[in-house]
Amino acid sequence: MRQVPHAVRTLKTVTKLPLDLGLTSRPLEDVRQVFGALATRFETPHESHLDPIFISIDTGTKDNDAAMFMKNPICDIGVAYLDSRYFGSCSDTRKPREHSHPVIQTHHYLCDPRPGLTFKRIKGRLRFGAVWPELVPRRKRQQLISQIFYHDARSDGYACCPSKDFHLINPNQTRLVSASNCRPVIVVGHSLHQDLAILEQAGFTLNQNVVLHYLDTQLIAGHLLRGGVWSLKSMCKILDINCEGLHVSGNDATYTLVALLKMASMLLGYQDKTESQVMAFKLRALVRYADKDLPKLRGTYDWGYRNRWQQFLERRKYWIYAGIACLAYPLSWVLHHGWI
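Using UniProt numbering, the first residue of the sequence shown is number 1, and each one after it goes up by one.
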């Protein structure tokens with residue numbers, strides 16, 4: 001009997017999670033449930049530490065075909081955050097650009113560069129977030145993934161609204177937040193079951209007590225837009241989302257989240273409830289903001305943590321130039337005296 005690899009078993013079990021999530025056969029119902037609950041949540045007093053966080057994730061692998069059979073398949077991770085507290089602080093007339101911070105925050109982490117995915121190539125194609133991707137050593141990868149999904153419920157937000165400031169990974173922070181003190185998260189992805197299987201293949205298992213919902217935009221688009229299996233590019237094209245720099249994890253994670261917001265606005269716009277109509281209006285404003293204003297903020301905000309990889313490149317460039325300068329003088333002297 002042929003033994004089934006662990007990654008394939010993981011892929012099969014992830015798609016059958018015993019939860020009412022976006023990976024079930026009712027993705028449109030889950031979208032209505034999530035955003036419908038948010039539409040009424042902020043109208044009444046509630047416990048703010050239970051406000052969910054949308055986390056859109058995209059993992060890049062060394063080889064897409066063989067990624068499920070590798071021990072360390074992840075080479076880069078893109079994350080896009082949206083704090084649901086934004087919907088409670090956003091009035092009908094206030095626009096996303098009036099906030100003092102990017103409403104959707106994007107991070108791009110480079111864990112293990114591969115041929116064709118160099119640091120310089122990613123830097124030139126990043127459309128959201130910081131200009132430089134953050135290099136994370138392989139030994140810090142588990143710490144990185146934990147900080148992506150686990151966020152302390154007691155952390156402070158911005159002055160303009162209570163949205164959380166999602167910092168870059170701090171390698172000196174060894175004390176991680178326990179699952180009991182974390183805010184609930186809504187995990188978003190395009191073909192999400194593959195990303196979850198790759199994370200588990202890399203040795204990370206997400207605590208199900210933290211996850212409120214899983215939303216897979218590929219399944220949602222398949223039910224809402226019809227037409228079978230949608231790629232990220234074709235889905236963004238039919239939704240009229242300007243997608244540049246695809247196949248870069250940070251960009252793909254942001255486009256996935258924006259596509260989810262636009263499809264949710266379409267679903268809520270068909271309902272007659274006043275709260276749903278208001279939420280649909282906020283979602284449409286957020287989609288326009290992400291398409292026009294968010295790319296302009298690229299690199300304008302910094303979290304105070306200097307990039308180690310950038311420093312390494314600068315030091316290497318300095319020593320290369322210094323070596324050339326040291327060789328140039330004796331070579332010119334030899335040529336001047338005619339010894340060669």
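Positions of the beta carbon are idealized from the N, C-alpha and C atoms, including for glycine.
To the nearest angstrom, report how far apart residue i and residue j are at their CA atoms.
| i | j | result |
| --- | --- | --- |
| L313 | A37 | For L313, the pLDDT reaches just 45, beneath the cut-off of 50, and the residue's location in the model is therefore unreliable, although a value from the coordinates is still provided. Going from the Cα of L313 to the Cα of A37 covers about 48 Å. |
| A328 | L335 | 11 Å |
| V278 | Y158 | 24 Å |
| S332 | I324 | 12 Å |
| R97 | G60 | 30 Å |
| Y289 | A259 | 13 Å |
| L28 | C75 | 32 Å |
| L257 | C236 | 11 Å |
| T44 | C111 | 43 Å |
| H167 | L225 | 35 Å |
| K292 | E244 | 12 Å |
| Q208 | C326 | 59 Å |
| I77 | H151 | 18 Å |
| S100 | C160 | 6 Å |
| residue 341 | Y270 | In this structure the chain extends from 1 to 340, so residue 341 is not present and cannot be described. |
| D165 | R138 | 25 Å |
| Y255 | G222 | 17 Å |
Looking at the structure shown, is residue i part of a helix, part of a strand, or coil, going by DSSP?
| i | result |
| --- | --- |
| A328 | helix |
| L335 | helix |
| W132 | coil |
| A290 | helix |
| Q105 | strand |
| K164 | strand |
| V185 | strand |
| Y150 | coil |
| L176 | coil |
| T40 | helix |
| I169 | coil |
| D112 | coil |
| G203 | coil |
If you measure between the beta carbons of residue i and residue j, is that distance less than 8 Å?
| i | j | result |
| --- | --- | --- |
| A179 | V210 | yes |
| F87 | A264 | no |
| I186 | V136 | no |
| F128 | N251 | yes |
| V287 | L268 | no |
| I55 | V79 | yes |
| L206 | F149 | yes |
| L199 | D216 | no |
| S48 | P184 | no |
| D83 | I57 | no |
| S276 | A39 | yes |
| L297 | P102 | yes |
| D51 | R26 | no |
Between residue i and chain B, is any beta-carbon pair separated by less than 8 Å?
| i | result |
| --- | --- |
| N251 | Annotation note: the requested chain B is absent from the structure, which comprises a single protein chain. |
Measuring alpha carbon to alpha carbon, tell me which residue in the options is nearest residue i.
| i | options | result |
| --- | --- | --- |
| K233 | G269, H190, G203 and Y214 | H190 |
| H247 | I145, H108, T274 and D152 | H108 |
| W230 | I57, L206 and Q218 | Q218 |
| R141 | F204, P133 and N181 | F204 |
| L294 | D51, L50 and L126 | L126 |
| H213 | Q194, V188 and I145 | V188 |
| C182 | D195, F281, R154 and A285 | R154 |
| D195 | K164, I145, G227 and D165 | I145 |
| Q143 | Q105, A202 and A197 | A202 |
| A285 | I104, H46 and Q33 | I104 |
**Asked** What are the complete beta strand (DSSP E) segments, minimum 3 residues, inside the segment 209-274?
**Response** Considered as a whole, the segment 209-274 harbours 211-216 as its complete beta strand (DSSP E) runs of no fewer than 3 residues, in chain order.
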